[in-house]
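**Student:**
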Amino acid sequence: MNSMELAEIISYWKRLSEEKWKTAEALMEKERYADALFFVHLSLEALLKAVVVEKTDEQAPRIHDLLRLAYLAGLEPDTEQQKQLAIFTTFNVEGRYDDYKLALHKKATKEYVYEYARTADILRLWIQKRPQ
């Protein structure tokens, strides 16, 4: 892959991350909290994939495990960040499959979702400010 292709791919993942974040915010405003958590996960995933491509000069793997992506990106999450990334990864499964969605809908209160959105925003900043 040449540097132009890499730059386009990285830009794509970063743009996608922002789009998914904005969708999550819109869903929170519409009180569609479980769906918002799913899109928060997608935003973090896309941002991590941008960093993986930057670090490896290869396409991002087709995985959804945020902690694994963080390590592939060369990040070193502390214990709390590891826990947070693992929790956000569960929102991918819970937001995607109907039998899990019910459980997510029950716990996805306004307070719960806004707390996790704040946590995700902190994680996004940490990912963006990583050492180059």
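Every position in the sequence shown, counted from 1, becomes a number in my numbering once 1116 is added. Every residue gets a Cβ at the ideal spot worked out from N, C-alpha and C, and that includes glycine.
Select from Asn1208, Leu1183 and Leu1218 the residue whose C-alpha is nearest the C-alpha of Gln1198.
**Tutor:** As a position in the sequence shown, residue 1198 is number 82, starting the count at 1. Considering only alpha carbons, the answer is Leu1183.
**Student:** Whose C-alpha, out of Lys1226, Leu1153 and Leu1122, is nearest the C-alpha of Val1167?
**Tutor:** Along the sequence shown, read from residue 1 onward, the residue named residue 1167 stands at position 51. Closest by alpha carbon: Leu1122.
**Student:** Going by beta-carbon coordinates alone, are Gln1175 and Ile1125 separated by less than 9 Å?
**Tutor:** Indexing the sequence shown from 1 puts residue 1175 at position 59. Indexing the sequence shown from 1 puts residue 1125 at position 9. Yes; because the gap between Cβ atoms is below 9 Å, this pair is in contact.
**Student:** Of all the alpha helix (DSSP H) runs that stay within the bounds of the stretch 1151-1216, which reach a length of 4 or more residues?
**Tutor:** Taking only runs of at least 4 residues, the alpha helix (DSSP H) segments lying wholly in the stretch 1151-1216 are 1182-1188 and 1195-1212.
**Student:** Mind checking Ser1127: buried by the 16 CB within 10 Å criterion, or exposed?
**Tutor:** Against the sequence shown, residue 1127 aligns to sequence position 11. Under this definition Ser1127 is an exposed residue.
**Student:** Secondary structure at Lys1099, three-state DSSP: helix, strand or coil?
**Tutor:** An answer regarding residue 1099 cannot be provided, because it is not within the stretch 1117 to 1248 covered by the chain.
**Student:** Can the beta-carbon of His1180 be found closer than 9 Å to that of Thr1205?
**Tutor:** The residue you call residue 1180 lines up with position 64 of the sequence shown. The residue you call residue 1205 lines up with position 89 of the sequence shown. Closer than 9 Å, so yes.
**Student:** Who are the Cβ neighbours of Asp1151 in its own chain at under 6 Å, not counting the five residues just before and after it?
**Tutor:** Position 35 of the sequence shown, counted from the first residue, corresponds to residue 1151. These residues qualify, in order along the chain: Leu1143.
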